[in-house]
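The opening position of the sequence shown corresponds to residue 0 in numbering that gives the first Met the number 0, with each subsequent residue numbered one higher. By construction, the Cβ of each residue, glycine as well, lies at the ideal position given by its N, Cα and C atoms.
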Amino acid sequence: MAELLNRQHALAILYDLALTIGSEVSVAPLLTKTLQRLMYHTGFPVGLVFSEVVPVDDGAWVEAHLDVSIGDYVLARRKGERLCVPAGLVMGGAALEAAPEQIAQLATRKPQHVFLRLPIKNHGVMLLLGSAVPVTELSLTGLLAPVMDQLATSITLCNSYERDVQHRLERLAYYDPMTGLPNGTLFANSLRQAMTNAQRGGTWLAVIYLDVDDFKALNDRLGAYAGDLLLGALAAVILIRVCPKPP
């Protein structure tokens, strides 16, 4: 952080964080870039993001997945692991406190004494660690509250977008884009599974082969576009009459 935080900087900080949060469509880079900018603006040298926080034992400890770790070599090596963390660090609302004994339980490379906790609704918590409270006339928890609200919303949108992309990729991998019918890959997989089930159950299995008479002649005479329309129409009949959706 080049300068100490003051009211003149507040608007620029919020604008920068809003741009950062609004520029990503995937959760992992969204969390990483937001944490980097928060560390820059507040001066905290270590930043962590925990998710899937679950209380254990008597509630004094929690298990949490370490999504992101910046600024500490030891914790960076444990990214992606589930850690046992003092509940006072990651549970509760936004807070800026000194808790050297609790922070020591994280086994950071260098001793840290102060934490800034910023909860992320429906995801987890951002935890910034430092040796001393930043010198500022601002309330960091109050200033950053709308940022965390925006981050939570963006995470929800990113998850929705990633599911949509995954669904589209699966459709492209297993379904013909023109007809919407299963392609050769899905047919082969389904046939192998059906054969295995038939052998196990001692039952018969039938495979129906459909052919379109004079399709090549029609395709040559009227063009590939007309041929595609015919195949699409036949696929619609198969989907509606042969493979109707369950009520």
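Between the alpha carbons of S153 and Q7, how many angstroms are there, rounded? Walking along the sequence shown from the start, residue 153 turns up at place 154. Walking along the sequence shown from the start, residue 7 turns up at place 8. Going by the C-alpha atoms only, they are around 27 Å apart.
Q: State buried or exposed for D219, treating a residue as buried only when at least 16 other CB atoms are found within 10 Å of its CB.
A: Counting from 1 along the sequence shown, the entry for residue 219 is found at position 220. Burial call: exposed.
Practice item. Could you check what DSSP says for Y174 in three-state terms: helix, strand or coil? Key: The residue given as residue 174 occupies position 175 in the sequence shown. Here Y174 sits in strand by DSSP.
Check your understanding: Which residue's Cα is closest to the Cα of L95: P118, L105 and C83?
Key -> Here the question's residue 95 lines up with position 96 in the sequence shown. Looking at the Cα atoms, P118 is the closest of the given residues.
**Proximity winner among R108, D210, V124 and Q149, relative to P44 (alpha-carbon distances)** = As a working note, residue 44 is residue 45 in the sequence shown. Among R108, D210, V124 and Q149, the Cα nearest to that of P44 belongs to R108.
Beta-carbon gap between V89 and V61 smaller than 8 Å: If you number the sequence shown from 1, residue 89 lands on position 90. If you number the sequence shown from 1, residue 61 lands on position 62. For the 8 Å CB-CB criterion, V89 and V61 form a contact.
Pick out whichever of A197, A97, A93 and F214 has its Cα sitting closest to the Cα of A206.
-> Residue mapping note: residue 206 aligns to position 207 of the sequence shown, counting from 1. Before going on, a small fix: residue 206 reads as Val here, not Ala. If we check each option's Cα against that of V206, A197 comes out closest.
- Is there contact here, the stretch 123-140 with the stretch 35-54, by at least three beta-carbon pairs under 8 Å? Counting Cβ pairs under 8 Å, three or more are found: they touch.
Q: Please classify D163: is it buried, with 16 or more other beta-carbons within 10 angstroms of its beta-carbon, or exposed?
A: Residue numbering aside, residue 163 sits at position 164 when the sequence shown is read from its first letter. With fewer than 16 other Cβ atoms within 10 Å, it is exposed.
S22 and L47 - do their beta-carbons sit closer together than 8 Å?
The residue given as residue 47 occupies position 48 in the sequence shown. The residue given as residue 22 occupies position 23 in the sequence shown. It is not a contact, given that the beta carbons lie outside the stated cut-off.
Checklist line | Contact the stretch 65-79 vs the stretch 98-108: 3+ CB pairs below 8 Å | finding: Touching, yes, given that three or more Cβ pairs across the two stretches are closer than 8 Å.
Just grab the DSSP bridge partners of I119 for me.
-> Numbered from 1 along the sequence shown, position 120 holds the residue referred to as residue 119. For I119, which the question treats as bridged, DSSP gives the partners G123.
Along the chain, where does the beta strand (DSSP E) containing L238 start, and where does it finish? Taking the first residue of the sequence shown as 1, we reach residue 238 at position 239. Premise fails: L238 is in no beta strand (DSSP E) and is neither H nor E.
- Write down the C-beta distance between L217 and L229 rounded to the nearest angstrom, noting that I regard them as a contact closer than 8 Å. The sequence position of residue 217 within the sequence shown is 218, counting from 1. The sequence position of residue 229 within the sequence shown is 230, counting from 1. At roughly 7 Å, the Cβ-Cβ gap stays under 8 Å, so L217 and L229 are in contact.
**Request:** Check each candidate in A93, P181, R199 and G87 and name the one with the smallest Cα separation from A234.
**Result:** Against the sequence shown, residue 234 aligns to sequence position 235. The shortest C-alpha to C-alpha distance from A234 to any of A93, P181, R199 and G87 is the one to P181.
Alpha helix (DSSP H) segment containing G200, residue limits: The sequence position of residue 200 within the sequence shown is 201, counting from 1. Counting along the chain, G200 sits inside the alpha helix (DSSP H) bounded by residues G183 to G200.
Problem - DSSP beta-bridge partners of V61 - result: Within the sequence shown, the letter at position 62 stands for residue 61. In the DSSP output, where bridge partners are listed per residue, V61 has P54 and V84.
Residues sharing a beta bridge with G96, DSSP: The sequence position of residue 96 within the sequence shown is 97, counting from 1. Residue 96 is actually Glu in this sequence, not Gly. Answer by DSSP bridge pairing, in chain order: F114.
Bridge partners - L47, DSSP secondary structure assignment: Indexing the sequence shown from 1 puts residue 47 at position 48. Answer is S68 and L126, bridged to L47.
> What number of angstroms, rounded off, separates the C-alpha of R199 from the C-alpha of E169?
Replying inline: Residue 199 sits at position 200 when you count from the first residue of the sequence shown. Residue 169 sits at position 170 when you count from the first residue of the sequence shown. Distance between the alpha carbons of R199 and E169 is about 29 Å.
What residue range is occupied by the uninterrupted alpha helix (DSSP H) comprising V26? Here residue 26 is taken as the residue at index 27 of the sequence shown, counted from 1. Start and end: V26 to T41.
Could you give the first and the last residue of the continuous alpha helix (DSSP H) run that contains Y208? Locating residue 208 in the sequence shown gives position 209, where the first residue counts as 1. Per DSSP, Y208 lies in no alpha helix (DSSP H) and is assigned neither H nor E.
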